[in-house]
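Numbering (the numbering used here), first residue to last: 69 to 287. Glycine included, C-beta positions come from ideal geometry on N, C-alpha and C. These figures come from a predicted structure and were not determined experimentally. What follows is one structure encoded as structure tokens, with my remarks underneath.
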Ligand code: GRF
């Protein structure tokens, strides 16, 4: 186990409830991390207020002020680098990242995606699961690679889809799991238990299954 907390930069675009789960874990001592900064591509993201309330530097770099994706990502990298992170956590960061960005943080860039990847990459995952009349749905924490929502899974939480579910009820049930599995994955990384080699995730040097560690909330 490492003694110095893992330096984390969190990128957000919105509410930041996953960020809050990480802040809470840092504060109650269950996570071996120090969140060095929270950066948003939207100045009005509520997550920035959560960061400020927790005395964490909160920065906005608005993508709309940049000519193209590349110049935005370069500015983002420069800002992130000023905090010297060990780990960069995407927590509801709604921007597609350039290959340069992904390569810069290869092996230390995590994302949470609200589906059981590889199912439902992209947007509107809850609606798509409902339309397909799936029995189960869920959420995945994964390493980010250049393939959008295609990086290798670390943890998945499975939730049941209930008969009268709407996007709202289903997404609420999934968020409960998000706030469990994202801190878990971040803590594995912080304690140097997690690594990735090519597309194979290792936990305690043992390969994880192709869909990652699975938590079934129906159990
Ligand atoms: C979550 O549902 C996450 O799965 C997705 O974006 C949402 C972020 O929510 N990537 P929040 O901003 O953490 O509340």
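Any heavy atom of ligand 1 within a distance shorter than 7 Å of the CB on residue i?
i	result
residue 207	yes
residue 258	no
residue 180	yes
residue 111	no
residue 159	yes
residue 195	no
residue 267	no
residue 222	no
residue 243	yes
Could you pull the start and end residues of the alpha helix (DSSP H) that residue i belongs to?
i	result
residue 193	193-199
residue 89	85-95
residue 246	235-258
Taking residue i as the reference, which of the options has the closest Cα?
i	options	result
residue 204	211, 147, 112 and 239	239
residue 188	175, 216 and 228	216
residue 199	244, 225, 229 and 222	229
residue 162	225, 154 and 141	141
residue 256	209, 111, 137 and 96	209
residue 89	137, 244 and 279	244
In chain order, what residues of the same chain have a beta carbon less than 6 Å from the beta carbon of residue i, not counting five sequence neighbours either side?
i	result
residue 183	193
residue 263	270
residue 155	74, 76, 176 and 257
For residue i, which residues of its own chain have a beta-carbon under 8 Å away from its beta-carbon, when the five flanking residues on both sides are left out?
i	result
residue 212	158, 165, 170, 173, 177, 178, 179 and 219
residue 281	222, 223, 224 and 271
residue 124	91, 103, 104, 105 and 106
Determine the extent of the beta strand (DSSP E) in which residue i is found, giving its start and end residues.
i	result
residue 278	That residue, residue 278, is in no beta strand (DSSP E); it is neither H nor E in DSSP.
Please list, in chain order, all residues of the same chain as residue i whose beta carbon is under 7 Å from its beta carbon, the five residues on each side excluded.
i	result
residue 120	126
Next on the checklist: Does the stretch 251-259 come into contact with the stretch 230-238, if we say contact requires no fewer than three beta-carbon pairs (one atom in each stretch) closer than 8 Å?
Outcome noted: no
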